[in-house]
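Residue numbers (numbering that gives the first Met the number 0), protein chains in the order written: chain A, 0 to 263; chain B, 0 to 263. Written below as structure tokens is the structure these notes are about.
There are 2 protein chains.
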Amino acid sequence: MKIIGEKINGTRKKVAEAIADRNVEYIQNLAVKQVEAGSTWLDVNAGTHPGREPEDLIWLIENIQAVTDTPLCLDSANPEALRLAIQKVNKTPMINSISGEPDRLEKILPIVAEHGCEVIALAMDETKIAETYEKRVEIIEKVIKATRAAGVPDEKVYVDPLAMTVATSNQSGVVACETIRALKSKYTEAHFSIGLSNISFGLPARKQINRTFLILAMQAGLDCAILDPLDQDLQAAILTSELLLGLDENCLNYLKASRKGLFE
Amino acid sequence: MKIIGEKINGTRKKVAEAIADRNVEYIQNLAVKQVEAGSTWLDVNAGTHPGREPEDLIWLIENIQAVTDTPLCLDSANPEALRLAIQKVNKTPMINSISGEPDRLEKILPIVAEHGCEVIALAMDETKIAETYEKRVEIIEKVIKATRAAGVPDEKVYVDPLAMTVATSNQSGVVACETIRALKSKYTEAHFSIGLSNISFGLPARKQINRTFLILAMQAGLDCAILDPLDQDLQAAILTSELLLGLDENCLNYLKASRKGLFE
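This is how it looks when you write it as structure tokens:
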């Protein structure tokens, strides 16, 4: 399971403050802790101020790279911000995200292709988010047609099936898992990633829901997630799922984590 | 999700002592607590002393029935003990278990059929436990041919796919889930049950493994389990899985459990 550390996100209040105050220590601390906790990438989202986004994103990138060489996941819907930011990264980043929206495909996919990035592909287009997995599969089929045409190999595509909150539809989790299952059998080289926390929006004990959903999605074929790597119970759920899904040879990772006290 | 409370089992040391000492209070306390925690059936296993089994089983049944009218799950491989015990039950019990072993089919299935019992059907025969789900499916196909021939409707059959410990084969959990998935599509009226705790035998933090496996098996189609209903984390996992699998209309059960503090 690959982890994209979610914490450096300018839509979170404290991170927004740290960006506004140019609080280097706060950001670098989030970066180091998430790397120590096993992140494969660090998501970097500069927040929702279009005018300031390129500058803020570059400030984040430079300060994060000063303390870690873990690659970044540039999280922006703004092609201009991405074009400027990608000049500053030390390692090829992941791009978060493209989708079936023509605008994103036209403006962000070329950046992905040019720089050889991994990319998150959301199972949505310019219309309302589809309620059935069949429709989400269709959207991703179109997106992968476009990524292939642009020269992006399937193994760099991380499909996000979209997990909306179960508070408004009790089929949300099922539809996300079915989307993964259907696409995984068709695109065997592609990866599957999810922004974990949406599934529990508006409900109590959100960590309990997120953790359980991660286990279910892993069985469906999820092999990557944007999540809080500092959540010990979530890390325990990942290792235990890998054990039970036959992905942990001789239980080595599970036993190692147990000796370190992860399950206590 | 239906729960078969596992605690009144004479292979557990304290229960064996309570049976030997005719400690009514200890047994009745286990019965009441498991019923309060939501058990649909109470498993009753008198232990492994063949000579004493019928007498011990009847003693357990009579004392349990004195404090609860929850139906029992008579857990014995001894047809004679089952024939005698079934005369003493107030409600039609579940029988645990038949399997593809000719001896069990010939001697226990007629008791099930005669009394209209639910029955657990283990995916094993007289040979070594099969390592592939295809072979387990074949065994259950034979068992269900026999239950149908005996007049037992599929909806009274609770298939146990067998979950051996992942400590000796990292495919154990996968094979169990695939067995459920394959059989569920073929026998849409049958149920699927599992003895939960075997999966973690020999490993540390067993509850963590059991809980995670239950979530995975529920996604595959498990709708019943023999487990410890007093384990709050396990109950939380069941409710959260039902929420995410689309089985909890308007999140009502989840929200109710949250208000009662189950997730704290």
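Backbone N, C-alpha and C define an ideal beta-carbon position, used for all residues, glycine too.
Is the Cβ-Cβ distance between A:Asn268 and B:Glu248 less than 9 Å?
Residue coverage of chain A in this structure runs from 0 to 263, which leaves residue 268 of chain A outside it and unanswerable.
Touching or not, the region 158-177 of chain B and the region 123-140 of chain B, by the rule of three or more beta carbon pairs under 8 Å?
Yes, since at least three Cβ pairs between the region 158-177 of chain B and the region 123-140 of chain B fall closer than 8 Å, the two stretches touch.
Please give the ranges of any beta strand (DSSP E) in the region 145-223 of chain A, keeping only runs that are unbroken, at least 3 residues long and fully inside the region.
156-159
Using the C-alpha atoms, what's the distance from A:Val23 back to A:Val118?
27 Å
From the DSSP secondary-structure annotation, give me the bridge partner or partners of A:Asn95.
Paired residue(s): A:Asp74 and A:Ile119.
Which residues in the same chain have their Cβ closer than 8 Å to the Cβ of A:Leu215, if we skip the five residues on either side of it in sequence?
Gly172 and Cys176
Below 8 Å on the Cβ atoms is my guess for A:Ala120 versus A:Asp159; work out the distance and round it to an integer in Å.
7 Å
Note down the Cα distance separating B:Gln64 from A:Asp222, rounded to an integer number of angstroms.
49 Å
Let me make sure I understand the geometry here. Which of A:Tyr253, A:Ser196, A:Gln207 and A:Phe212 has the alpha-carbon closest to that of B:Asp232?
A:Gln207
Taking C-alpha atoms, which residue in B:Glu137, B:Phe200, B:Leu195 and B:Ala19 lies nearest to B:Leu182?
Ranking the options by Cα distance to B:Leu182, first place goes to B:Glu137.
B:Glu52 and B:Ser75: beta carbons closer than 9 Å?
A contact, by the Cβ cut-off of 9 Å.
Starting from the C-beta of B:Asn95, find all residues in its chain whose C-beta is less than 7 Å away, skip the five residues before and the five after it, and write them out in chain order.
Contacts found: Asp42, Cys72, Leu73, Asp74 and Ile119.
Under 9 Å, Cβ to Cβ, is there at least one residue of chain B near A:Val66?
No, because no Cβ of chain B sits closer than 9 Å to the Cβ of A:Val66.
Based on DSSP bridge pairs, tell me the residues matched to B:Trp40.
B:Ile3
Go ahead and pull the three-state DSSP assignment for A:Asn249.
helix
Pick helix, strand or coil for A:Leu229, following the three-state DSSP scheme.
coil
Kindly indicate which three-state DSSP category A:Asn8 falls into: helix, strand or coil?
strand
When the distance is taken between beta carbons, is B:Leu242 closer than 9 Å to A:Val165?
yes
Residues of the region 208-222 of chain A with a CB closer than 7 Å to any CB of chain B: list them in chain order, please.
Ile208, Thr211, Phe212, Ile214, Leu215 and Gln218
With DSSP run on the structure shown, which of helix, strand or coil describes B:Glu61?
helix
Could you give the residue range of the alpha helix (DSSP H) that holds A:Asn28?
Val23 to Glu35
Please determine, among B:Lys144, B:Pro92, B:Gly99 and B:Ile97, the residue with the shortest C-alpha to C-alpha distance to B:His114.
B:Pro92
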